[in-house]
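Visitor:
Chains as they are written, first to last, in our numbering: chain A, 718 to 1095; chain B, 5 to 350.
#1: To which residues of the same chain is residue 1 of chain B closer than 8 angstroms at the C-beta, ignoring the five residues directly before and after it?
#2: What are the boundary residues of the alpha helix (DSSP H) that residue 247 of chain B is part of?
#3: For residue 344 of chain B, which of helix, strand or coil comes out of DSSP?
#4: With 8 angstroms set as the bound, which would you pick, yes or no: does the beta-carbon of residue 766 of chain A sit closer than that to a beta-carbon of chain B?
#5: Give, in chain order, every residue of the stretch 853-876 of chain A whose Cβ lies closer than 7 angstroms to some Cβ of chain B.
#6: In terms of residue numbering, what span does the beta strand (DSSP E) encompassing residue 776 of chain A cover?
#7: Give a yes or no on whether the minimum CB-CB distance between residue 959 of chain A and chain B is below 8 angstroms.
#8: Report the three-state DSSP secondary structure of residue 230 of chain B (helix, strand or coil).
#9: What distance in whole Å lies between the Cβ atoms of residue 1073 of chain A and residue 976 of chain A, which are believed to be in contact at a cut-off of 8 angstroms?
#10: Of all the options B:268, B:60, B:344, B:317, which has the alpha carbon lying nearest to the alpha carbon of residue 335 of chain B?
#11: Closer than 8 angstroms between beta carbons: that is the criterion. Which residues of the stretch 1026-1040 of chain A meet it against chain B?
#12: How would you list, in chain order, the residues of chain B whose beta-carbon sits under 7 angstroms from the beta-carbon of residue 985 of chain A?
#13: At least one CB of chain B closer than 8 angstroms to the CB of residue 994 of chain A: is that the case?
#14: Quick one: does residue 56 of chain B have its CB under 8 angstroms from some CB of chain A?
#15: Three-state secondary structure (DSSP) at residue 1012 of chain A?
#16: So with Cβ pairs under 8 angstroms, would you call residue 85 of chain B a contact of chain A?
#17: Going by the beta-carbon positions, is the gap between residue 873 of chain A and residue 901 of chain A smaller than 8 angstroms?
#18: Decide if residue 353 of chain B is buried, meaning its Cβ has at least 16 other Cβ atoms within 10 Å, or exposed.
#19: Could you name the residues of chain A that residue 246 of chain B contacts, counting a contact when the two beta carbons are closer than 7 angstroms?
#20: State yes or no: is the beta carbon of residue 879 of chain A nearer than 8 angstroms to at least one beta carbon in chain B?
#21: Below 8 angstroms between beta carbons: does that hold for residue 889 of chain A and residue 837 of chain A?
#22: I'd like to know whether the C-beta atoms of residue 804 of chain A and residue 270 of chain B end up nearer to each other than 8 angstroms.
#23: Taking C-beta pairs closer than 7 angstroms, name the residues in chain B that residue 805 of chain A reaches, listed in chain order.
#24: Work out the CA separation of residue 1025 of chain A and residue 1035 of chain A for me, nearest whole Å.
#25: Over the uninterrupted alpha helix (DSSP H) stretch that includes residue 279 of chain B, give me the two end residues.
#26: Give me the Cα-Cα distance between residue 722 of chain A and residue 846 of chain A, rounded to the nearest whole angstrom.
#27: Rounding to the nearest angstrom, what Cα-Cα distance links residue 766 of chain A and residue 788 of chain A in this structure?
#28: Would you call residue 1084 of chain A buried or exposed, if buried means 16 or more other Cβ atoms sit within 10 Å of its Cβ?
#29: Is residue 239 of chain B helix, strand or coil by DSSP?
#30: Find the nearest neighbour of residue 1054 of chain A within the set A:991, A:958, A:757, A:737, judged by alpha-carbon distance.
#31: Taking the alpha-carbon positions, what's the residue 899 of chain A to residue 871 of chain A distance?
#32: Could you please give the first and the last residue of the uninterrupted alpha helix (DSSP H) stretch that includes residue 56 of chain B?
#33: What are the boundary residues of the beta strand (DSSP E) that residue 906 of chain A is part of?
#34: Buried or exposed for residue 876 of chain A, going by 16 or more other Cβ atoms inside 10 Å?
#35: Taking Cβ positions only, does residue 1090 of chain A come closer than 8 angstroms to chain B?
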């Protein structure tokens, strides 16, 4: 997907130079019109802010009133998915008294906001979430209420991590897919480029900056190829849908599943996992029959048995191997079947959090090896 | 002095290698001589300083077997998950052996169905979560252990961290590093005994529960603040519960939905409810292997909760560890049990 767009997209005037020391002013100007979600230190305590063990997270920052310095990072450990699809989200709250029912829908008012500094993998994860939440007959209002007011300003990846494999799933450290606008980091400066029609909204904010020099663009391209070289694992997943097709009952799932703890660490950290459960949270109920509560949507995960437990007591995915298989099939087979896109963005977060150190890349390699053998055996 | 240090380092590296080689030999012997389905061990994980569980089924698999300071899981967990038709071999450290003993006492596993290969601990197990907290937002590109130090390379810098900062909490204080129950035991030649490290020896000289004692002395509000700030990070992914061999309920209270005990929201109250209830279920059973803390993807420090339980068991019943065949501490009654809550002791 790299290099998509019209022909003019590579001409110098498409890239505006924002000197690094002016980034804060740029953010302040954006902050007057938009709420900003930025990479920031988790611990806001000033004295601790500079210490390096202060974890970076995405969070709302009011740069007009707070001190802020754009930090350096490879990627932020927790994806920004939670801003559009939080771990628990109140759908509505209610008060019941006798026959009198009051329902309050939640959160119609959403401010325009920008998620700033996200990497390509996370921008592409929103495309996957967009597809899922708008599939079928209904479009999900809770997600799109926020999504439709959210713009994504990315930053190209100069230092991918060892667990990154975005180039194997149609992304790339310098891919611009999914961004509304993107920054390229060079020494002393950023190049700013508008990507999507929505990104045109940023035009007035960057007009005053000078155009990039040819030297700048050359450096950017060098960074791009350097970044791509950093990604050591390259899988060819062109036929993964078909390769998985014949392996549904293969013993490989049992082999992989037996070292898996069946926890939800990989799903909860995944920027594309979107399964949810809906729960009732009763806050107060008294003898007169008055009750106050809310209905909440929470993250769920296909890795736990409860996910598919039916009211009868039957569980179609009681065995761990069926859940392990589901995770791979959903991302690499069902997604392609249903929406013609892969369900994985190659961010590698699941590899980093897995308590038993499973590596989804190795699983895919194994799947492909077996598929090849099965085919040849035919 | 420097020369001496270097020698010690070589001896240290040699020690792990020695254990690994002995393990390979014993595993091979077990595979050949005993009727086993497989032997459970570790193989290298995909990232630096990581190990993954390995099911050794044939001689070919033995080559992948490793033994390191970062074999972070309690493999006993994997004994429960699988239906077994034959005996199973398993490589364990002493605390993990005691967790297996609890399972044997609770009649979940038969002693004769398991072949325990006991490995004496060196310093203990490295807690990757602790390393991550020290190095912050950079990823570990390379890690190597040299004596009682670890050298970590990130894409920005190289950092040397002392073992006392990164060892699993339970290992730091542990004084029972030699297997108590086993079928095969790994012997380490005297020449290759652990070099002393002042920072680590300090912990060997104090009460095993010193950290709990210090924590207990804090004001209630301070203790509560600590637990809430830790538990707020919890995502309820259940990695801790699922890494624990003693959490084997067919349906955990947290998953039960008829009736439902737990509303599954990620509120702090629910997180506290989960962790405290799980802790109570482990009272008198927890062997203190700390696999739960190391499994946590968010690095939540829950070890004090469980350590406090172990301390209570020691203080009240003078039981340091669960022995094979002993009665359940909280599931049995003895006339001498302290019962100050029923009648005054005066």
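By construction, the Cβ of each residue, glycine as well, lies at the ideal position given by its N, Cα and C atoms.
Guide: Based on what the coordinates show:
#1: This structure cannot speak to residue 1 of chain B, because chain B is shown only from 5 to 350.
#2: Position 243 of the second chain, counted from the start, is the residue given in the question as residue 247 of chain B. Counting along the chain, residue 247 of chain B sits inside the alpha helix (DSSP H) bounded by residues 243-247.
#3: Here the question's residue 344 of chain B lines up with position 340 in the second chain. Residue 344 of chain B carries a coil assignment under DSSP once its states are collapsed to helix, strand and coil.
#4: Taking the first residue of the first chain as 1, we reach residue 766 of chain A at position 49. Its pLDDT being 48, under 50, residue 766 of chain A is placed unreliably by the model, and the measurement read from it follows with that caveat. Not closer than 8 angstroms to any Cβ of chain B, the Cβ of residue 766 of chain A fails to qualify, so no.
#5: Flagged, chain order: 876.
#6: Numbered from 1 along the first chain, position 59 holds the residue referred to as residue 776 of chain A. Counting along the chain, the beta strand (DSSP E) containing residue 776 of chain A begins and ends at 773-777.
#7: Looking up residue 959 of chain A in the first chain gives position 242. Among the residues facing chain B, residue 959 of chain A is not included, as its CB has no counterpart in that chain under 8 angstroms away.
#8: As a first step, residue 230 of chain B must be located in the second chain, where it is residue number 226. If DSSP states are grouped into helix, strand and coil, residue 230 of chain B belongs with the helices.
#9: Indexing the first chain from 1 puts residue 976 of chain A at position 259. Indexing the first chain from 1 puts residue 1073 of chain A at position 356. Their Cβ separation, rounded to whole angstroms, is 5 angstroms, which keeps residue 976 of chain A and residue 1073 of chain A in contact under 8 angstroms.
#10: The residue given as residue 335 of chain B occupies position 331 in the second chain. The shortest Cα separation from residue 335 of chain B among B:268, B:60, B:344, B:317 belongs to B:317.
#11: Going along the stretch 1026-1040 of chain A in chain order, one finds 1026, 1037 with a Cβ nearer than 8 angstroms to chain B.
#12: Residue 985 of chain A sits at position 268 when you count from the first residue of the first chain. Those are 239, 241, listed as they occur along chain B.
#13: As a first step, residue 994 of chain A must be located in the first chain, where it is residue number 277. Yes, because at least one Cβ of chain B sits closer than 8 angstroms to the Cβ of residue 994 of chain A.
#14: In the second chain, residue 56 of chain B corresponds to position 52, counting from 1. Contact with chain A is found for residue 56 of chain B, since one of that chain's Cβ atoms lies less than 8 angstroms from the residue's Cβ.
#15: Within the first chain, residue 1012 of chain A is the residue found at index 295, counting from 1. Reduced to three states, the DSSP call for residue 1012 of chain A is strand.
#16: For the purposes of this step, residue 85 of chain B is taken as the residue at position 81 of the second chain. It does: the Cβ of residue 85 of chain B has a partner Cβ on chain A nearer than 8 angstroms.
#17: Residue mapping note: residue 873 of chain A aligns to position 156 of the first chain, counting from 1. Residue mapping note: residue 901 of chain A aligns to position 184 of the first chain, counting from 1. Yes; because the gap between Cβ atoms is below 8 angstroms, this pair is in contact.
#18: The question about residue 353 of chain B has no answer here: the residues shown for chain B are numbered 5 through 350.
#19: Within the second chain, residue 246 of chain B is the residue found at index 242, counting from 1. Residues of chain A whose Cβ lies closer than 7 angstroms to the Cβ of residue 246 of chain B are, in chain order, 978, 979, 980.
#20: By 1-based counting over the first chain, the position of residue 879 of chain A is 162. At a cut-off of 8 angstroms between beta-carbon atoms, residue 879 of chain A makes contact with chain B.
#21: As a first step, residue 889 of chain A is located in the first chain; it is residue number 172 there, counting from the start. As a first step, residue 837 of chain A is located in the first chain; it is residue number 120 there, counting from the start. Closer than 8 angstroms, so yes.
#22: Position 87 of the first chain holds residue 804 of chain A. Position 266 of the second chain holds residue 270 of chain B. Yes.
#23: Here residue 805 of chain A refers to the residue found at position 88 of the first chain. Here the neighbours are 269, 270.
#24: In the first chain, the residue the question calls residue 1035 of chain A occupies position 318. In the first chain, the residue the question calls residue 1025 of chain A occupies position 308. When rounded, the distance between both Cα atoms is 8 angstroms.
#25: For the purposes of this step, residue 279 of chain B is taken as the residue at position 275 of the second chain. Its alpha helix (DSSP H) spans residues 272-285.
#26: As a position in the first chain, residue 722 of chain A is number 5, starting the count at 1. As a position in the first chain, residue 846 of chain A is number 129, starting the count at 1. With a pLDDT of 43 at residue 722 of chain A, under the threshold of 50, the predicted position of this residue should be treated as unreliable, though the coordinate-derived value follows. Their Cα atoms are separated by approximately 22 angstroms.
#27: Reading the first chain from its first residue, position 49 is the one you call residue 766 of chain A. Reading the first chain from its first residue, position 71 is the one you call residue 788 of chain A. Summary for residue 766 of chain A: the model assigns pLDDT 48, below 50, so the residue's position carries little reliability; its value from the coordinates is reported in the next sentence. Rounded to the nearest angstrom, the two C-alpha atoms are 11 angstroms apart.
#28: The residue given as residue 1084 of chain A occupies position 367 in the first chain. Flag for residue 1084 of chain A reads buried.
#29: As a working note, residue 239 of chain B is residue 235 in the second chain. Residue state, collapsed to three classes: coil.
#30: Stepping through the first chain from its first residue, residue 1054 of chain A is reached at position 337. Among A:991, A:958, A:757, A:737, the Cα nearest to that of residue 1054 of chain A belongs to A:958.
#31: In the first chain, counting from the first residue as 1, residue 899 of chain A sits at position 182. In the first chain, counting from the first residue as 1, residue 871 of chain A sits at position 154. Cα to Cα, residue 899 of chain A sits roughly 5 angstroms from residue 871 of chain A.
#32: The count along the second chain starts at 1 and reaches residue 56 of chain B at position 52. Boundaries around residue 56 of chain B are those of the beta strand (DSSP E), 55-60, since no alpha helix (DSSP H) includes it.
#33: Along the first chain, one-based indexing puts residue 906 of chain A at 189. Segment 906-911, the beta strand (DSSP E) holding residue 906 of chain A.
#34: What you label residue 876 of chain A is simply residue 159 of the first chain in a count that begins at 1. With 16 or more other Cβ atoms within 10 Å, it is buried.
#35: In the first chain, residue 1090 of chain A corresponds to position 373, counting from 1. Not an interface residue.
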